[in-house]
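Numbering (this note's numbering), first residue to last: 947 to 1123.
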């Protein structure tokens, strides 16, 4: 067994799922499969370690939808940088913590559309609808108006762990050893 395979097995046994790097459809599918497998194996909490600076809005919602179907509690630990639509994963957590040096980037996802003008317009409308669903979820989590969330994301606001706690994105900051 390779070192990578052994590490994955060790994390899986400890009910830990990693989401790192760009959150695209492939990363979301792998994480969703791991969450579903762990949920089916036992009713103990699952820890999702999140360090994703950006990603695709559709991929984020695929993972959010999966997380909301779990019967096991989902605990999210944010570390490194979390941003773009990946930040929406905090809204699916039963409990969300951040490492002391975590950074949060409230930013809008980039999107590329292709096709006829009518297809591009339809894709753009769909993206805007999903974006407002994300704003709504973050507004509910933070108890802030969706318009404030939208403005912060349009401006690309950065928050450190303490600011994210005050903002309402996370429940606590993990203690240093």
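Ideal Cβ positions, reconstructed from N, Cα and C, are used throughout, including at glycine.
Every value quoted in this text rests on a predicted model; they were computed, and no experiment measured them.
Would you decide whether residue i is buried or exposed? Buried here means 16 or more other CB atoms lie within 10 Å of its CB.
i, result
"residue 971", "exposed"
"residue 1002", "buried"
"residue 953", "exposed"
"residue 1107", "buried"
"residue 1046", "exposed"
"residue 1017", "exposed"
"residue 1095", "buried"
"residue 1012", "buried"
"residue 1043", "buried"
"residue 979", "exposed"
"residue 1087", "buried"
"residue 1010", "buried"
"residue 1089", "exposed"
"residue 999", "buried"
"residue 961", "buried"
Can you give the beta carbon distance from residue i to residue j, rounded, assuming they're within the 8 Å contact cut?
i, j, result
"residue 992", "residue 984", "5 Å"
"residue 994", "residue 965", "6 Å"
"residue 1030", "residue 1051", "7 Å"
"residue 1021", "residue 1040", "6 Å"
"residue 973", "residue 967", "7 Å"
Identify the residues that DSSP records as bridge partners of residue i: which are they?
i, result
"residue 1021", "993, 1041"
"residue 965", "996"
Closer than 7 Å by C-beta to residue i: which residues in its own chain qualify, once you throw out the five before and the five after it? Chain order, please.
i, result
"residue 1014", "1038"
"residue 1070", "1059"
"residue 1083", "1034, 1037"
"residue 1100", "1054"
"residue 989", "1017, 1018"
"residue 1073", "1003, 1057"
"residue 1113", "1088, 1105"
What are the boundary residues of the alpha helix (DSSP H) that residue i is part of?
i, result
"residue 1066", "1063–1088"
"residue 1007", "1003–1015"
"residue 1116", "From DSSP, residue 1116 is part of no alpha helix (DSSP H); its letter is neither H nor E."
"residue 972", "971–987"
"residue 1049", "Counting along the chain, residue 1049 falls outside any alpha helix (DSSP H), though it belongs to the beta strand (DSSP E) covering 1049–1051."
"residue 1095", "1092–1101"
Below 8 Å CB to CB, which residues in the same chain sit around residue i once its five sequence neighbours on both sides are set aside?
i, result
"residue 1104", "1049, 1050, 1051, 1052"
"residue 1076", "1003, 1004, 1007"
"residue 1122", "1046"
Ends of the beta strand (DSSP E) at residue i?
i, result
"residue 1105", "1104–1106"
"residue 1029", "1027–1029"
Excluding the five sequence neighbours on either side, which residues of its own chain have a C-beta within less than 6 Å of the C-beta of residue i, listed in chain order?
i, result
"residue 1092", "1081, 1082, 1085"
"residue 1102", "1053"
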